[in-house]
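Note sheet for the following structure.
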Amino acid sequence: MPGTGPSHSHPNQIPFPAAGGGDGGNGYRSGGGKGDRSGGSADANTAHNELLVALMVALVMMVLNLLLVHSLGYLPPPWLAVWLSACACWLVSLVLLSPLTAVTSWPVWLAAGGVGLLLTLVTHATSWPVWLAAACVRLLSAITTLPVVLQLKAMQAAVVRRLQAYEAAAQQEAADAKRALGAARAKLAIARGQPPRWDAGDVVTPENCRVGLKVVRGPDWYTSDDADGGEGRAGTIVRKTASPGLVYVQWESQGSEEVNERLYYIVPGRYELCCAVPYTV
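When the letters of the sequence shown are read in order and numbered with the numbering used here, they come out as residues 1497 to 1777.
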């Protein structure tokens, strides 16, 4: 009959309970749907808030890290200073941002209590841990840069050795050129019929004296003695005496007769002879 029950009901239709049960069922189903949707929204908001907090923590850590490193004067900062400053900045950022996070558990309060001591050690330059940390950092920096310094010193020593070798070679070339020039002038003087001129080298001593050595007048030569034919003229040691401090010299200007041989001293205080070297201007 109309109004007393469902008409034209489908054979597969599930019958609902009474009105009260139906409302309860509908309410349960509708309430469950709303709960799922609100739960998903809360999870999204929580993830969004955690992302913002993470970004803020990273920003604060970066800023505090830079300030701490610059205040301690580590430019560029060694790895130890960076690690210590990063730990300090993490604790500081945790304390500063704890109101933004709804975390009131004991680890946060423990970190907040320990950050005071850490900041005290970092900010008070008169405390011994800071000086100890600075000394350790400087020691690590020295150890890090020691191989570079040693390499630079080795390179500098190699450059100095090369320069010394070049200088010695240049001096040797100059000496060879000077001797060659003197020999050429001596040959030219002989070709022109003039006696060659000689310069005074090392003094003649009993140690370097030998027969046949060409000599000129020395620093203790008597000014009134012109047996050599004048300054710049050479002679030759022809023989020695029993005394090691006396030698006989035959001067080129006096001829080769034995009567022209003269006796000279070659001892300290009476260096009358010097080794003859080619004359140069």
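Note that the Cβ used here is the ideal one computed from N, Cα and C, for glycine as well.
All values reported here derive from a predicted model rather than from experimental measurement.
Pick from Arg1729, Cys1705 and Gly1728 that is closest to Lys1491, judged by C-alpha positions: Absent from the model: residue 1491. The displayed extent of the chain is 1497 to 1777, so no value can be given.
Taking just the CA atoms, how far does Val1763 sit from Val1711? 15 Å
Would you kindly report the start and end of the unbroken beta strand (DSSP E) that includes Arg1735? Gly1731 to Lys1736
Span separating the alpha-carbon of Gly1741 from that of Thr1732: 16 Å
Considering only the alpha carbon of each residue, which of Glu1663, Gln1750, Ala1666 and Trp1694 lies closest to Cys1770? Trp1694
For the candidate residues Val1734, Lys1683 and Val1655, whose alpha-carbon lies nearest to that of Leu1709? Val1734
If you run the structure through DSSP and keep just helix, strand and coil, what is Arg1817? Here the chain comprises residues numbered 1497 to 1777, so residue 1817 is not present and cannot be evaluated.
Alpha carbons only, please: which of Gly1765, Pro1702, Val1745 and Gln1667 is nearest the one belonging to Ala1723? Val1745
Beta strand (DSSP E) containing Pro1774: first to last residue? Leu1769 to Pro1774
From Thr1652 to Ala1671, what distance separates their C-alpha atoms? Note on identity: in this sequence residue 1652 is Gln, with Thr being the wrong assignment. One C-alpha to the other measures close to 28 Å.
Using the three-state DSSP reduction, which class does Tyr1718 fall into: helix, strand or coil? coil
Helix or strand or just coil, what does DSSP make of Val1655? helix
In this structure, how does DSSP classify Arg1681 when only helix, strand and coil are distinguished? helix
Could you check the C-alpha separation between Pro1702 and Tyr1767 for me, to the nearest Å? 11 Å
Specify the secondary structure class of Arg1766 as computed by DSSP and reduced to three states. strand
Delimiting residues of the beta strand (DSSP E) encompassing Gln1746: Leu1742 to Trp1747
With Gly1788 and Tyr1775 assumed to form a contact (beta carbons below 8 Å), what rounded beta-carbon distance in angstroms separates them? The first residue shown for the chain is 1497 and the last is 1777, placing residue 1788 beyond what the model contains.
With a cut-off of 8 Å on the beta carbons, I'd call Ala1730 and Ala1679 a contact; round off their distance for me. With a Cβ gap of about 13 Å, Ala1730 and Ala1679 do not count as contacting.
From the DSSP secondary-structure annotation, give me the bridge partner or partners of Asp1695. Val1773
Under the rule that 16 or more other beta-carbon atoms within 10 Å means buried, what is Arg1675, buried or exposed? exposed
Once the 5 residues before and after Arg1758 are set aside, which same chain residues still bring their CB inside 6 Å of it? Ala1723 and Val1745
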